Amino acid sequence: MLTIALDAITTAALLFIISSGLLIVFGVMKIINFAHAAFVTVGAYAALVGARLALPWVLILPLAFATGAACGALTETTIVRRLYRRPLDAILATWGLGTVIGQVITLIFGREVQFVQAPITGTAYFLGIDYSAYRIAMIAAAIIVAVVFTGLLNGTRLGLSTRAVIMNEMLAQGLGVDSARVRLVTFAIGSGLAALSGALITPLSSVDPNMGLPWLISAFMLVMVSGGSLLTLAVSSLVLGGLQVVVSTFVNPILGGLTIAICAAVVLRIRPEGFARA
Amino acid sequence: MPEARQFGQTGAASIDFSAGLRITVLALLVVGSIVLAPLLLDTYTTNILIRAFFVAIAAITVDIVWGYCGTLTFGQSAFFGIGVYALAIIFTEYGFGSWQALLGIATAIIAAATVAALTGWLSFYPGSTPLYASIVSLVVPIVLVQILYSGGTFTGSSSGLVGFESFDLEVENWFRLAGLSLAAVATIALIIMRSDTGRLLKALRDNDERCTYLGVDTSRYRIIVLVLTAIVASLAGFGYAAFGGVAAPENASFTFGTRLIIMVALGGRGTIVGAIVGALGIEVASAYLSGSLPYVWELIIGIALIAVILAFPDGLVGAARQLTRGMRPPGRSTTIMLRPIETAAIGGTESGTAIEVKGVGKHFGSLSVLDGVEFTAKRSELLSLVGPNGAGKTTLIRCLSDGRERSAGFVAIGGHAIERLSPNRVVQFGLGRKFQAASIFEALTVAECLRVARTYRARPSLIATSTMLDLPPAAISVVERSGLSERLGEEARHLSHGLKQALELAMVLSLEPEVLLLDEPTAGLTRAERQAFADILTSLTARDRLCILLVEHDLDFVREISSRIIVLHQGRIALDGSVNEVVNSALVREIYTGQQSTTSEAMP
Amino acid sequence: MTSRAFIASLAFMAATGSALAADPIRIGVPVGLSGANSVVAPSVVQSAELAVEEINAKGGVLGRPLALDVADDGSGAAGAQKAFDALVFQKKVNVLISMETSAARNAGLPIVARGKTPFIYTSFYEGKSCSPYLYVNAWVPEQQVPPIVDYFNKEKKASKYFLIGSDYAFGRGMLAFTKAYIEKTGGKVLGEEYLPMDGSDWTSIISKLKASGADAIITSTAGGAPNVTLTKQLRAAGVSLPYGNLAVDEGTAKSMGADAADIYISASYVTGIDSAANKAFLAAMGKKFGADLKTPNDLSVPEYEGVYAYKAAVEKAGGTDPQKVLAALSEVAVDGPRGTIKMDKQRHAPLTMYLGQVQADGSVKVIQSFSNVDPGAQCPPKS
């Protein structure tokens, strides 16, 4: 019983980390970045490179973040910037970008599945049972991500400008906020978060050019259901992620994989704002 | 029968003949090449093309749903997959024979239609967004593939189904069957998309809200389109599996669905031909290149997609059209005849109540935008609604036209209570709404805009483009007075601001409304245009006995034409009386001068 | 291998092939360059290349050089259709020699039959695939499963098994046989769980495993990523039960690092086989590919031997006529790194099987070996 609960919480933590980057981008720019999966993969490969260079994990994680942020900044200036008025086209263009990134990674690193050693191995004795220590560490990681970014949003000037742009871009511009810069920084941070999450999940799964894809749909649905708030995302991740684990365990892992997508679609139909407060 | 007035260039007779000849020659060429080609091509190329033809049919359905109706759909692959698996499962379970084949076709059609109806119900409802519809279209193939995975030996799970016996045709005949099917689907699609119905679909894509306010049930149209295209895609899948003898989950996956979109995007969306070009091009090139350059080919496709979205949104066919623009005769030489309708005396009592509003309120949480609004208006009244910015005027207009908008109270239009009905139903009670920013169909011509506006009153043809447009006299007079009659063949996006406003007014009048809601119609108009507008409004109330409710900031304009003025202030009616009463009222002066109000420079 | 090296080796082969004047015999190799098998595909191609190079250096087959045509089957049915089509109808190859997923193989067989092309299948698989055009020189469950189960029963005193697999023909077929064999030898199967081929989240299955109280695990996943993710997640969850993996190869095991330690495998090839033929083979591979060498394994070595088998069959048949070659394939014996192999048991081959245990450094220690294990009645003639 406790195992299932821990499975649920750790899965939710993973989903939260992976979706947070997508949420930040969607909240500010109302654009869905379908290259998000590719950025997750970029982060994983950055971690791979870091591991090969025998860097400590304390350095690997920021390296992954920085790589993702750089890719994001480049993407925003070259592609996304021109598509603000065409959100559906932005989905397509970023999908194309995702394909390109995937192929470039394949050309550089090859198609093989690669592996990165986990920084924390084995099990930990947690609340009375033996559970994967790394998965438990994911919970901590998710909390740190949430705290840092909520802090950024609420405690810094950039955060204030970002919130202003989210609420009313024209008004913010009129008040002197450089909304173009806000968008650029937001996209970069969102992509960096995606890459960071990719680095974090490598010890649990393999590193190959298409690893990000299964997460894309779940992350996408969670973001849609969460409106614009990190807190709602955390709640959605817990609820839907938990549901996914329960269905996987008691019914069928295949149907479990569908739970998030189906539940999110139904929720959005009934209540277009999702779980967000009106 | 009133005389029809003719507008637009003539010379129709000679053009029709040569167009007919051109089409016949083209058809003969296409059919001929399809019949003869297999004799000239080698087996391998023939195989590839057969598969490509079926995929191209699916791509056409994607173009219809996305290019024409505006829904970015990743899900047509699911319907293709349904056809594939319908055939494979039935032939595996029951063997091959004529009743099995019929059962297979029936299953493919019914299953696809059911799933499409469900998907449509989920995606298209009043208030849904294109983004949500895309999301649903993304989820459908994913769910389907997972269902296939969990089907054990019944669906073949990850391996798919192979080895079932299928139709025994020569490869050459498969080619002819597939090729002619593609030609048939393409022809039908082109005919429908060029007809008035096709224009309506484009209008849905361009401006869904305007369509709703023209009385069109946009959700129903979208669902019908989805169901019909799903059936076609499913049959294409059926053919694909019948030829290939393999059913694999990849045939239904969202990756394949994305591939279809890429084909349409690269070929040119909204052209049908573009879908065919894209599909055939990518399928054939994939077959030849992916063996030797598997990674580079995918890279090329990704880059091409980005390039097309950013720089060439109209794809290959669009670019080709741009290049050949100089070679084709300019403009569209069509003859459009406008014919005034003999509008019968509008039923109802002489002095019927056109608008009835009782206790209407609108709240956002604790913020109250409208409170206790109450008034009635009769036919032939020209009622102006004034008040400072933020008083709630546009909100009131919304509450009158959309039954779901108000938080409290009662609204009736033309004697019918609007309850919680959506705008397209309210319009059917006789309401017409003109928006602040001219809400028209930028990509359609003036004549086409008017044709679409008549959809609710006169069902559009599925195959023809009308050359005769029946409009109410009020609409025709607006068209003539504004000078639009000289520009019926021009695309609406090229009109000046004033002409766009006039076009929108003509479109709304085409509904033959009894009640007209106008939101700041004179904003941005020149003096002459404003005067013309005033004349039109006055004649509408006098001659056609419309009830007009006008939101305006230009108090001179208001004073000149209104029979009655309602002043709205902070969500409540401050004053409701004749022009003189209101203009001379001290309360009104206080309201206006005590605020930072802008008058005639009011911008939307 | 990188794309550049791949293209370079293709060019090299084309050059070698064209150096001999006569019309080449074309060997088609449909293999999973992308998808689940992309991990092992490079090693398979390398084996084929070495065999072709060696044979051409000695004068080819009946005076004609061999040429390779490689096509990507995407590791699945849809891709296999396209690859087989290209090889059989466009390149018009004389024979197909390759390893593939069962999904791909099943999709390719109808095309093989239509094109009347012999197909030497060099992959271990779930058995009972009986096209008259199909010859198999790799193992089937009757050869691979008993060593592991017998060892667990006897040495590890296991009696309660938990089975995990990928949901497709191979995964299900192998585990069905395993379950039957376990029950025949007095054991019990407490659970049998599957994920789709592309699944990577084994969390709930692992939780079920731990809750079941099983004392041994046997897995049969698709090669590549599923193997890796399952092993990693098992180890991360602290599972250290005797673990028999029916579908992992030495190369994958090596790159799994410490997580792979203690996995038991049963294979017809391990690099540690102590024979002159194997040593010569490994030396030649090392010399040809140097640093780019992918560890030869139980999926790639049969490819090497398959090419030689075809050579022998063509020489015996006196030409490439498909019917004659097919008849000859069951009569010729090939000496290779795995010993002497003859596909004479209903188009399948008796093989020497090795039970091995993966060590912490990724190498495989041979615990027991069994000679000449019969494949059983794979394709009994219809009576």
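Chains as they are written, first to last, in my numbering: chain A, 1 to 278; chain B, 279 to 882; chain C, 883 to 1265.
Backbone N, C-alpha and C define an ideal beta-carbon position, used for all residues, glycine too.
Computed from a prediction, not measured in an experiment: that's the story for all the values here.
Proximity winner among B/V829, B/T433 and B/A669, relative to B/E528 (alpha-carbon distances): Translated into the one-based positions of the second sequence, residue 528 of chain B becomes position 250. Looking at the Cα atoms, B/T433 is the closest of the given residues.
Alpha-carbon to alpha-carbon, C/S1157 and C/D1144: For the purposes of this step, residue 1144 of chain C is identified with residue 262 of the third sequence, where counting begins at 1. For the purposes of this step, residue 1157 of chain C is identified with residue 275 of the third sequence, where counting begins at 1. Near 25 Å, if we compare the C-alpha coordinates of C/S1157 and C/D1144.
So that I know if they touch, is there some Cβ in chain A lying closer than 8 Å to that of C/M1079? The count along the third sequence starts at 1 and reaches residue 1079 of chain C at position 197. False, the Cβ-Cβ gap to chain A never drops below 8 Å.
Classify B/T602 as buried or exposed, calling it buried when 16 or more other Cβ atoms lie within 10 Å of its own Cβ. If you number the second sequence from 1, residue 602 of chain B lands on position 324. By the neighbour-count criterion, in which a residue is buried when 16 or more other Cβ atoms sit within 10 angstroms of its Cβ, B/T602 is exposed.
Neighbourhood of A/A51 by C-beta, 8 Å cutoff - its chain only, sequence neighbours within 5 removed: To locate residue 51 of chain A, count along the first sequence from 1; it is residue 51. Around A/A51: I60, V116 and Q117.
Check whether the Cβ atoms of B/I368 and B/A390 sit closer than 8 Å, and answer yes or no. Locating residue 368 of chain B in the second sequence gives position 90, where the first residue counts as 1. Locating residue 390 of chain B in the second sequence gives position 112, where the first residue counts as 1. Against a cut-off of 8 Å, the Cβ pair of B/A390 and B/I368 comes out as no contact.
Pairwise C-alpha distance: B/P799 and B/I843: Taking the first residue of the second sequence as 1, we reach residue 843 of chain B at position 565. Taking the first residue of the second sequence as 1, we reach residue 799 of chain B at position 521. B/I843 and B/P799: Cα-Cα distance of roughly 16 Å.
Is A/Y84 buried or exposed, if buried means 16 or more other CB atoms sit within 10 Å of its CB? Numbered from 1 along the first sequence, position 84 holds the residue referred to as residue 84 of chain A. Exposed.
Consult DSSP for A/D7 and reduce its assignment to one of helix, strand or coil. As a working note, residue 7 of chain A is residue 7 in the first sequence. Helix, per DSSP.
For B/G457 and A/A195, I'd like the C-alpha separation in whole angstroms. Here residue 457 of chain B is taken as the residue at index 179 of the second sequence, counted from 1. Here residue 195 of chain A is taken as the residue at index 195 of the first sequence, counted from 1. Straight-line spacing of the CA atoms in B/G457 and A/A195 works out to 46 Å.
Assign B/N858 to buried or exposed, taking buried as 16 or more other Cβ atoms, counted over all protein chains shown, within 10 Å of its Cβ. Mapped onto the second sequence, residue 858 of chain B falls at position 580. Per the 10 Å Cβ criterion, exposed.
Please say whether C/L948 and C/G910 have beta carbons closer to each other than 8 Å? Sequence index remark: in the third sequence, residue 910 of chain C carries index 28 (1-based). Sequence index remark: in the third sequence, residue 948 of chain C carries index 66 (1-based). Going by C-beta atoms, C/G910 is not nearer than 8 Å to C/L948.
Would you call B/L455 buried or exposed, if buried means 16 or more other Cβ atoms sit within 10 Å of its Cβ? As a position in the second sequence, residue 455 of chain B is number 177, starting the count at 1. The residue is buried, with at least 16 neighbouring Cβ atoms inside 10 Å.
Rank B/A315, B/Y491, B/R483 and B/A589 by C-alpha distance to the C-alpha of B/R500 and give the top, closest one. Mapped onto the second sequence, residue 500 of chain B falls at position 222. Comparing Cα positions, the closest option is B/R483.
Nearest-angstrom Cα separation, counted from B/G681 out to B/G802: Working through the second sequence from its first residue, we reach residue 802 of chain B at position 524. Working through the second sequence from its first residue, we reach residue 681 of chain B at position 403. Roughly 30 Å between the two C-alpha positions.
Assign B/D748 to one of three DSSP states: helix, strand, or coil. The sequence position of residue 748 of chain B within the second sequence is 470, counting from 1. When DSSP states are grouped into helix, strand and coil, B/D748 belongs to the strand group.
Who are the near neighbours of B/A623 in its chain, counting only those whose CB is closer than 7 Å to its CB and skipping five residues on each side? To locate residue 623 of chain B, count along the second sequence from 1; it is residue 345. Residue placement at B/A623 is poorly supported in this model, since its pLDDT is 47, which falls under 50; the coordinates still yield a value, given next. Same-chain partners within the cutoff: there are none.
By DSSP, does C/N1160 sit in helix, in strand, or in coil? Residue 1160 of chain C sits at position 278 when you count from the first residue of the third sequence. DSSP places C/N1160 in helix when its eight states are reduced to three.
Under 8 Å between C-beta atoms of B/V635 and B/V651: Translated into the one-based positions of the second sequence, residue 635 of chain B becomes position 357. Translated into the one-based positions of the second sequence, residue 651 of chain B becomes position 373. Against a cut-off of 8 Å, the Cβ pair of B/V651 and B/V635 comes out as a contact.
Taking the continuous beta strand (DSSP E) assigned at A/A124, which residues delimit it? Here the question's residue 124 of chain A lines up with position 124 in the first sequence. Where A/A124 is concerned, the enclosing beta strand (DSSP E) stretches over T123 to F126.
The alpha helix (DSSP H) enclosing B/C677, as first and last residue numbers: Sequence index remark: in the second sequence, residue 677 of chain B carries index 399 (1-based). K671 to S679 is the extent of the alpha helix (DSSP H) around B/C677.
Classification of C/N1127 by the beta-carbon crowding that lies within 10 angstroms, buried from 16 upward: Counting from 1 along the third sequence, the entry for residue 1127 of chain C is found at position 245. Classification for C/N1127: buried.
Note down, in chain order, each residue of its chain lying with its Cβ closer than 7 Å to the Cβ of C/V943, except the 5 sequence neighbours on either side. In the third sequence, residue 943 of chain C corresponds to position 61, counting from 1. Around C/V943: I907, I937, K1193, V1196 and E1197.
Per DSSP, which one or two residues make a beta bridge with C/M1235? Mapped onto the third sequence, residue 1235 of chain C falls at position 353. Paired residues: C/F1252.
Burial state of A/T186, where buried means 16 or more other Cβ atoms lie within 10 Å: Here residue 186 of chain A refers to the residue found at position 186 of the first sequence. A/T186 is buried by the Cβ-count criterion.
By the DSSP assignment, the alpha helix (DSSP H) with B/T490 in it spans what residues? Start at 1 with the first residue of the second sequence, and residue 490 of chain B comes out as number 212. Here the alpha helix (DSSP H) through B/T490 covers D486 to T490.
CB contact check: A/Y134 to chain C, cutoff 8 Å: Reading the first sequence from its first residue, position 134 is the one you call residue 134 of chain A. Nearest CB-CB separation between A/Y134 and chain C: below the 8 Å threshold.
Less than 6 Å between C-beta atoms, sequence neighbours within five positions excluded: which residues of the same chain meet that for C/Y1017? Against the third sequence, residue 1017 of chain C aligns to sequence position 135. Hits under 6 Å: I1002, L1211, M1225 and R1229.
Any beta strand (DSSP E) of 3 or more consecutive residues that is wholly inside the stretch 783-816 of chain B: Unbroken beta strand (DSSP E) runs of no fewer than 3 residues, entirely contained in the stretch 783-816 of chain B, are found at 793-797, following chain order.
Can you tell me which residues form a DSSP beta bridge with B/C825? Along the second sequence, read from residue 1 onward, the residue named residue 825 of chain B stands at position 547. According to DSSP, B/C825 bridges with B/V793.
Measuring only the C-alpha atoms, how far is B/I839 from B/I754? Counting from one through the second sequence, the residue named residue 839 of chain B turns up at place 561. Counting from one through the second sequence, the residue named residue 754 of chain B turns up at place 476. Rounded to whole angstroms, B/I839 to B/I754 spans 22 Å at the Cα level.
Whose CA, out of C/A904, C/G914 and C/G1081, lies closest to the CA of C/S1182? Here residue 1182 of chain C refers to the residue found at position 300 when the third sequence is read from its first residue. Selected option, being the one with the closest Cα: C/G914.
Helix or strand or just coil, what does DSSP make of C/S1102? The residue given as residue 1102 of chain C occupies position 220 in the third sequence. DSSP places C/S1102 in strand when its eight states are reduced to three.
Could you give the first and the last residue of the continuous beta strand (DSSP E) run that contains C/R908? Locating residue 908 of chain C in the third sequence gives position 26, counting from the first residue. Start and end: I907 to V913.
Using the rule of at least 16 other Cβ atoms within 10 Å of the residue's Cβ for burial, across every protein chain shown, is C/P1014 buried or exposed? Here residue 1014 of chain C corresponds to residue number 132 of the third sequence, with the count starting at 1. Label assigned to C/P1014: exposed.
Give the interface partners of A/W95 over in chain B, defined as CB-CB distance under 7 Å, in chain order. The sequence position of residue 95 of chain A within the first sequence is 95, counting from 1. Ordered by position in chain B, the residues that pass the 7 Å Cβ test against A/W95 are T536.
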